[in-house]
Structures are given as C-alpha cells and as structure tokens.
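Numbering (full-length UniProt numbering), first residue to last: 1 to 259.
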C-alpha cells in the first residue's frame with residue numbers, strides 16, 4: 001500500500017494513471033486483489049479505469065474466480081458510463097457488454113448495449129459515431145444478439161465501414177453455423193467483389209469444419225472467377241490436410257484457371 005500511496009502523489013494525471021494501472025496488474029499477479037481493485041479505482045480517467053477493471057476481470061475469470069470477475073465488471077460498467085465524449089463512452093460500454101457476455105450474463109450485456117446505443121446516438125462527429133456503432137455491432141454479436149448487431153451497422157454512415165461491419169457479422173453467423181443467414185446478409189451488399197470475398201471466407205470456415213457439401217454450394221454463389229478459383233484451391237488444400245484426397249481432387253478439378 002506504500003506503493004499505492006506513492007503513486008497517488010505523482011504529478012500529471014496521465015503518468016499517475018499509467019502508474020496506477022501497472023500497479024493494479026502487479027498487485028493482481030502478486031495475489032493481492034483488494035490492492036489491485038483499490039489501485040484501479042484510484043485511476044482518474046474513467047476510460048482507463050474501466051479498461052483496467054475489465055483486464056483484471058478477465059484475469060479473475062481465467063483463474064476460475066467468476067464472482068470476482070463479475071464484481072470487477074460491474075465496477076467497469078459504472079466507470080464506462082461516465083466516459084466522455086459520447087463515442088468513447090459507447091466504446092467503453094461495448095467492451096463491458098462483451099465482458100458480461102463472456103461471463104454468460106447475456107441479459108446484463110443487453111442492458112449495457114442499450115446504454116452504448118444511447119451514447120452513440122449522442123455523438124455528433126460522423127467518423128467517431130461510425131466507429132462507435134461498429135463497436136456496438138461487434139459487441140452485439142458477441143452477446144448473441146445478431147439482429148441488434150445488424151441494426152447497428154445500418155447506423156454507420158461511411159459505406160466502407162458499413163460494408164466491413166456487415167461482412168464481419170456475416171462471418172460471425174457462419175462461425176456459429178448459421179450459414180444461410182450469413183449468405184443472406186452478404187447478398188444484401190451492393191458490391192459484388194465484397195460479397196465474393198465474404199462468401200469465400202464462409203466457404204473456408206465450412207472447409208475447416210469438413211462441411212464440403214456446403215463449400216461447393218457456397219462457391220456456386222461466387223461471381224468472380226478469380227475469387228472462386230482461390231476459394232476452391234483453399235478448400236482443396238484444407239481437404240488434403242484432413243486426409244480427404246478425393247474431395248481435394250474434386251475441388252482442384254473445379255478450378256477454371258489451372259496452370
């Protein structure tokens with residue numbers, strides 16, 4: 001606690017907060033969780049305080065102490081709610097929502113996401129607002145709320161950022177085994193090449209799972225020949241690594257531009 005007292009006397013808020021953050025992690029590693037929490041709560045910047053509390057929560061969860069992780073996440077939520085400006089508040093709250101999802105507290109995660117959406121709606125700077133909605137979309141997928149994630153992407157004004165966010169959501173659906181929904185979301189995009197790249201990523205996900213029938217079906221929807229061929233080549237390599245040489249040859253023979 002002598003170190004904590006010394007850290008509090010450091011001049012300059014940024015240097016003081018950095019020292020307190022380092023002390024919090026060191027105390028946690030040393031098996032002094034109460035000192036770690038005290039150091040966290042002494043951090044003046046609420047965004048840094050929330051970030052450090054979430055870091056300690058993750059470490060507590062890894063150590064099997066779900067109760068401590070939950071308490072730290074609650075404290076992080078309180079700190080995140082006071083972050084300014086609005087876009088930074090939304091980002092901090094999105095991180096808190098992901099932490100609650102990791103703790104299997106989806107209802108609480110949903111409430112925090114609602115707070116994040118409120119903060120993002122208050123942001124007047126376009127680029128910052130777009131990033132806030134992107135963060136909310138990602139956190140919503142993590143919290144098992146894909147429809148809310150997709151709705152968040154529609155708030156993004158930059159077309160490039162929106163396409164990137166939508167593609168990530170589609171790939172998230174594919175990773176969860178919701179392939180039809182993933183393809184449906186991708187096909188809602190206006191850019192054929194972007195759709196093709198998304199379909200290729202989903203096909204690769206299916207190949208990694210050994211679902212070759214679905215790979216073949218998804219590849220049929222790829223319009224660009226180069227992307228289709230590279231997807232087939234990747235699927236062939238994956239199948240060969242898994243020992244399915246017949247399927248690997250089938251994919252290889254489907255490549256149009258073979259050397």
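Note that the Cβ used here is the ideal one computed from N, Cα and C, for glycine as well.
Of the residues the options, the one placed nearest residue i, counting alpha carbons only
| i | options | result |
| --- | --- | --- |
| residue 228 | 40, 134, 251 | 251 |
| residue 54 | 77, 129, 139, 45 | 77 |
| residue 65 | 33, 43, 163 | 33 |
| residue 87 | 118, 109, 96 | 118 |
| residue 85 | 217, 187, 124, 203 | 124 |
| residue 109 | 175, 142, 134 | 142 |
| residue 282 | 129, 150, 244, 16 | Since the first residue shown for the chain is 1 and the last is 259, residue 282 is missing from the structure and cannot be characterised. |
| residue 244 | 185, 207, 225 | 207 |
| residue 140 | 127, 214, 173, 40 | 173 |
| residue 133 | 215, 169, 107 | 169 |
Unbroken alpha helix (DSSP H) run spanning residue i, endpoints
| i | result |
| --- | --- |
| residue 146 | 146-153 |
| residue 254 | Residue 254 -> no alpha helix (DSSP H), and no H or E assigned at all. |
| residue 225 | 225-241 |
| residue 118 | 106-122 |
| residue 194 | 192-208 |
| residue 11 | Residue 11 -> no alpha helix (DSSP H), and no H or E assigned at all. |
| residue 134 | 126-142 |
Distance between beta carbons of residue j and residue i, contact taken as under 8 angstroms
| i | j | result |
| --- | --- | --- |
| residue 48 | residue 72 | Not a contact, Cβ separation roughly 15 angstroms. |
| residue 113 | residue 147 | Going by Cβ atoms, the distance from residue 113 to residue 147 rounds to 12 angstroms, so no, they are not a contact pair. |
| residue 171 | residue 136 | Incorrect: roughly 17 angstroms between the Cβ atoms, too far for contact. |
| residue 247 | residue 193 | With a Cβ gap of about 27 angstroms, residue 247 and residue 193 do not count as contacting. |
Which of helix, strand or coil DSSP assigns to residue i
| i | result |
| --- | --- |
| residue 85 | coil |
| residue 49 | helix |
| residue 55 | helix |
| residue 17 | helix |
| residue 222 | coil |
| residue 156 | coil |
| residue 43 | coil |
| residue 188 | coil |
Buried or exposed (CB count within 10 angstroms, at least 16 for buried), residue i
| i | result |
| --- | --- |
| residue 104 | exposed |
| residue 100 | buried |
| residue 63 | exposed |
| residue 249 | exposed |
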